[in-house]
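Numbering (our numbering), first residue to last: 437 to 689. Ideal Cβ placement from N, Cα and C applies to all residues, glycine included. Because the structure is a prediction, the values reported are computed rather than measured. Here the structure is laid out as structure tokens; the discussion comes afterwards.
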Amino acid sequence: MSAGFLGRGLYWVSAFSIDGLVIDAGAPRTQRDLTRWARGRRIDGVLNTHHHEDHVGGDAALASLGADVWAPEASLDRLAHPPRIQIFRQMVWGRPAPLRAKALPQRVELGGLALEIIPTPGHSDDHVVVLLPENGWLFSGDAFVHERIRYAQADEDASLALRSLRSLLAHDFGEVFCGHAGYVPAGKEAIRRKVAHLEEVQAKARLLGREGLDDMAIARRIFGRLGNWHWITRGWFSEVNLVRQLRLGPDGA
Ligand SMILES: [Zn+2]
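Structure (structure tokens):
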């Protein structure tokens, strides 16, 4: 599904469905597409990987069609009382309606599926991924997104996200279903390359930091000119955040 501004698709987000279970539900502004797809299908449950508006925005619409909604325990308050978000996020995604969801257990059994819920904090403090061990499928929410990311949100913790990604590699899976990259066939290898990329950025950021450069200068040295998102979001989604979070993370993170 895509959400945009003035009729132009700006940003894409995926929701996935297996046997009556929907994993993540897109944004408030994409819920019409989701509802159109959902009509006439059996949907028993919706499972959210984290509380961000571009993943929970279709929950209310699916709940009104009879689906139960689950989310990580740490997300429940934020789903019931959606936090204020910046204007550009409201314009692109919209602000979700308040919603009561149930706390996700470690294991979900639904319609013959057995799913494991694995905490992967970093992108957000409540983030989880969903593993379907039988098929080796990983539903990664926003834990992956891109192999060579250059931006981080101001409220992320990229060092913790790196640690979560490393811990994921210990699990048995092959294919990845990502909230923004969609279907990634050799997903585990892609995650391995993302870990290597983040480790490289972290090592360079620390080295340049020890030489006395500030985070803005380090970001320019590593990535070249700062990208559009840095300017559009006034630094909220920026290379400078990625550098700072990786540089300051604990050793071995
Ligand atoms: Zn997110």
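As summarised for the region 651-678, the continuous alpha helix (DSSP H) elements at least 4 residues long and confined to that stretch are 651-659 and 664-668, given in chain order.
In the DSSP assignment, F613 falls within the unbroken beta strand (DSSP E) covering E611 to C614.
DSSP, reduced to helix, strand and coil, places I554 within a strand of the structure shown. The Cβ atoms of I454 and L549 lie closer than 9 angstroms to each other. When DSSP states are grouped into helix, strand and coil, G623 belongs to the helix group. For I454, the enclosing beta strand (DSSP E) begins and ends at F452 to I454. Looking at the backbone, the Cα of A626 and that of G610 are separated by about 10 angstroms. Relative to ligand 1, the nearest heavy atom lies less than 8 angstroms away from the CB of S560. Counting along the chain, L546 sits inside the beta strand (DSSP E) bounded by residues R543 to L546. Residue range W573 to G577 is occupied by the beta strand (DSSP E) that includes L574. DSSP, read as helix, strand or coil, puts A503 in coil. Between the region 497-505 and the region 465-478 there are three or more C-beta pairs closer than 8 angstroms, enough to call the two in contact.
Annotation: E675 to G476 spans about 44 angstroms, alpha carbon to alpha carbon.
In terms of Cα proximity to D650, the closest of L634, G577, R680 and G493 is R680. In this structure, F580 sits near A617, with a CB-CB distance shorter than 9 angstroms. Our two residues, Q638 and R683, have alpha carbons roughly 6 angstroms apart in a direct line.
With a threshold of 8 angstroms, the Cβ atom of H491 counts as near ligand 1, since some heavy atom of the ligand is closer than that. Taking a C-beta distance under 9 angstroms as the contact criterion, D608 and G558 do not qualify as a contact pair.
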